[in-house]
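Chain order of the listed sequences is A and B. Numbering (the numbering used here) for the first sequence: 3 to 94. Numbering (the numbering used here) for the second sequence: 24 to 477. For glycine and all other residues, C-beta sits at the position ideal for the given N, C-alpha and C. Bear in mind the structure is a predicted one, so any value in this text is a computation, not a measurement. First up is the structure itself, then whatever we jot down about it.
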Amino acid sequence: MISDEDVKHLGWLSRVELEKEDSEKFARELDRILDYFTILDAVESDLSPLHHVLELSNVFRDDVVADSLTAEEALSNAKLQENGYFRAPRIL
Amino acid sequence: MSCLEEIEKTFERIEESDLNTFITLNKEGAIEQAEMIDREGDGEGRLRGVPVAIKDAITTKGIVTTCASHILEDYIPPYNAHVIECLLSEGAIIVGKTNMDEFSMGTSTETSYFGPTLNPHDRTRVPGGSSGGSAAAVAAGEVPLALGSDTGGSIRCPASFCGVVGLKTTYGLVSRYGLIAYANSLEQIGPIARTVPGVARLLDVISKPDARDSTQLGSEGGYLDNLTPTIEGLRIGVPAEFFGEGVDPAVSKAVWDMIHTAEAEGAAYTEISMPSVEYSLAAYYIIAMSEASSNLARFDGMRYGLRLEDTGNWHDTFSMIRAEGFGEEVKRRILLGTYALSAGYYGKYYLKALKVRRMIKEEFDRALKDFDLLFSPTMPFTAFKLGEKVNDPLSLYLADINTVAVNLAGLPSISIPAGYSEGLPIGLQIIGRYFEEQRIMNAAYALLGDVEDE
Chain A
3 MISDEDVKHL GWLSRVELEK EDSEKFAREL DRILDYFTIL DAVESDLSPL HHVLELSNVF
63 RDDVVADSLT AEEALSNAKL QENGYFRAPR IL
Chain B
24 MSCLEEIEKT FERIEESDLN TFITLNKEGA IEQAEMIDRE GDGEGRLRGV PVAIKDAITT
84 KGIVTTCASH ILEDYIPPYN AHVIECLLSE GAIIVGKTNM DEFSMGTSTE TSYFGPTLNP
144 HDRTRVPGGS SGGSAAAVAA GEVPLALGSD TGGSIRCPAS FCGVVGLKTT YGLVSRYGLI
204 AYANSLEQIG PIARTVPGVA RLLDVISKPD ARDSTQLGSE GGYLDNLTPT IEGLRIGVPA
264 EFFGEGVDPA VSKAVWDMIH TAEAEGAAYT EISMPSVEYS LAAYYIIAMS EASSNLARFD
324 GMRYGLRLED TGNWHDTFSM IRAEGFGEEV KRRILLGTYA LSAGYYGKYY LKALKVRRMI
384 KEEFDRALKD FDLLFSPTMP FTAFKLGEKV NDPLSLYLAD INTVAVNLAG LPSISIPAGY
444 SEGLPIGLQI IGRYFEEQRI MNAAYALLGD VEDE
């Protein structure tokens, strides 16, 4: 069973503020979905996990300078900015 | 008819439509492009002057790209996705950005911040999702071609519900550069059209190699040139698990009719069993939600998107922005993904899902050693009513039962129209081997023929 306190904590971990009625509703829904996921408990598998079907690793590109966004382009969607920087909320 | 006249007609059709297929129209840009094509006269370009609709999860430079989310409502990308560069270099005209489930999370296009798209065959029903706007726009004749993206069925499901052709390509065929990521290890951009040649034509253009997606191999194209109706001599596997108890008998019958047509044209079919398919839905949702919870961490309103005045420190401000910016289904998946990845549950959910994923891939590998193609219903039923399932998340997830296994295995598969039940289209899914899109399309072409010329 997942409690609304658990959901509230998940909300904190994922940086999504949840009202009390949200966490209660999500707790009920998550419970049902997690219950469905227990179907996997029946699988006995000693297979190695498959992260990625192509199973490529270490794909490198040539180390050459290419064009990237200008500072102006990179900032073009930032609502709050200061002196050519993104403005962030205070950390503490 | 000049290119400009054709584009103006296209916008007339779209503006008269009540289906809510588009979130943003690129009217000015499209008209400018059309005028330039008319001035230049004859020119190069395999899609010269052809109007194409783009799912709003694909980044378009200078055109608002929302992913159907409040959090990106006014985001104007400063760059183009690789597939958009490909389209523009072949002369295609981008008419606008189509409606979808928010961040591609859904099976009905009802989770869009901009309201649902309606099914052109019955306006009280969903078009399927998540690429519902693209499929409905093609089905309604608003545009001949559209791009969608498919993470767990998001091209094939709406293609099935709207009665058009939609191709989910092999993982690694089309560059994901500029596709707003939901679940990177599962998703691919792909074509939607009314005909198989339409899909082949669009695939030729978008599958060019791109060094910016290190998981992409790309192709030389030639799909349209090599498109010949071919079904004779093929060995078709029909996995029983795709015809399970949730499948509407009318859907089952229509798909079997297609299998018998294939047989009459010289293919041989065998009923087979793929028992691990039973686990695909749970494994898919665990992996997709886990990847989503990590991917969507980037949306904090600082560099782009919704921004609220600081309401405290860094964490509080971002939590408030994300609470306001994301819809309910997106939050649900982020929470579940965070849960599945958290200490103590990682082994039970995420790691287990990855093991099941290998089991499913190996089962497909075995099946596709004995058979050239696998046939199944795309969706277990025809389009459901708007509002019928949206408040019951689990029942909505269960609708993806026949599509998600293909994404876990990274295989290509197409959905083509297979008749109607009570006026609503039914979709046949054809699954093939890695990078054998040509064989799939050739078989689809043999079954479907030239339905309607573009």
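Asked: Step through the CB atoms of chain A and report whether any lies within less than 9 Å of the CB of Pro-101 (chain B).; Found: yes
Asked: Report all residues from its chain with a CB closer than 6 Å to the CB of Ile-310 (chain B); omit the five preceding and five following residues, and keep chain order.; Found: Ala-376
Asked: Can you tell which of B:Glu-445, B:Asp-173 and B:Ile-117 has its C-alpha closest to the C-alpha of Thr-426 (chain B)?; Found: B:Asp-173
Asked: Would you say Glu-477 (chain B) lies against chain A (beta-carbon separation less than 9 Å)?; Found: Because the pLDDT at Glu-477 (chain B) is just 43, under 50, the model does not fix this residue reliably, and the value given afterwards should be weighed accordingly. Chain A, which has no Cβ nearer than 9 Å to the Cβ of Glu-477 (chain B), makes this no.
Asked: According to a CB-to-CB cut-off of less than 8 Å, which residues of the region 390-424 of chain B neighbour chain A?; Found: Pro-416, Leu-417 and Tyr-420
Asked: Please name the residue or residues paired with Glu-84 (chain A) in a DSSP beta bridge.; Found: A:Tyr-87
Asked: Hey, could you find the ends of the alpha helix (DSSP H) Thr-421 (chain B) is sitting in?; Found: Just to set this straight, residue 421 (chain B) is Leu in the shown sequence, not Thr. Here the alpha helix (DSSP H) through Leu-421 (chain B) covers 416-421.
Asked: Given that a residue counts as buried once 16 or more other Cβ atoms are within 10 Å of its Cβ, and exposed if not, what is Asn-85 (chain A)?; Found: exposed
Asked: Using a C-beta cutoff of 9 Å, does Asp-339 (chain B) count as contacting chain A?; Found: yes
Asked: Just checking: is the beta-carbon of Val-9 (chain A) within a distance shorter than 9 Å of some beta-carbon in chain B?; Found: yes
Asked: Which of the three DSSP states is assigned to Ala-182 (chain B) in this structure?; Found: helix
Asked: Can you look up Ser-313 (chain B) in the DSSP assignment and give me helix, strand or coil?; Found: helix
Asked: Less than 9 Å between the C-beta atoms of Asn-414 (chain B) and Pro-91 (chain A), yes or no?; Found: no
Asked: By a C-beta neighbour count over all protein chains shown, 10 Å radius and 16 as the cutoff for buried, is Tyr-87 (chain A) buried or exposed?; Found: exposed
Asked: Pull up the distance between the alpha-carbon of Asp-33 (chain A) and that of Tyr-372 (chain B), whole angstroms please.; Found: 14 Å
Asked: Please classify Thr-147 (chain B) as buried or exposed, where buried requires at least 16 other C-beta atoms within 10 Å of its C-beta.; Found: exposed
Asked: Who are the neighbours of Ala-376 (chain B) on chain A, taking C-beta pairs under 9 Å?; Found: Phe-39, Leu-42 and Pro-51
Asked: Taking only beta-carbon positions, decide if Tyr-302 (chain B) is within less than 9 Å of chain A.; Found: yes
Asked: With DSSP run on the structure shown, which of helix, strand or coil describes Thr-174 (chain B)?; Found: coil
Asked: To which residues does DSSP link Arg-258 (chain B) through a beta bridge?; Found: B:Ala-291
Asked: Are the C-beta atoms of Ser-313 (chain B) and some chain A residue less than 9 Å apart?; Found: no
Asked: Can you tell which of B:Leu-110, B:Lys-50 and B:Ala-467 has its C-alpha closest to the C-alpha of Ile-454 (chain B)?; Found: B:Ala-467
Asked: Considering only the alpha carbon of each residue, which of B:Leu-470, B:Arg-356 and B:Asp-145 lies closest to Ile-282 (chain B)?; Found: B:Leu-470
Asked: From B:Thr-218, B:Ala-216, B:Gly-201 and B:Glu-55, pick the residue whose C-alpha is nearest to that of Glu-210 (chain B); which is it?; Found: B:Gly-201
Asked: Should Arg-456 (chain B) go down as buried or exposed, given a rule of 16 or more other Cβ atoms within 10 Å for buried?; Found: buried
Asked: According to DSSP, simplified to helix, strand and coil, what is Lys-408 (chain B)?; Found: strand
Asked: Determine the extent of the beta strand (DSSP E) in which Phe-45 (chain B) is found, giving its start and end residues.; Found: 45-48
Asked: Go ahead and pull the three-state DSSP assignment for Phe-349 (chain B).; Found: coil
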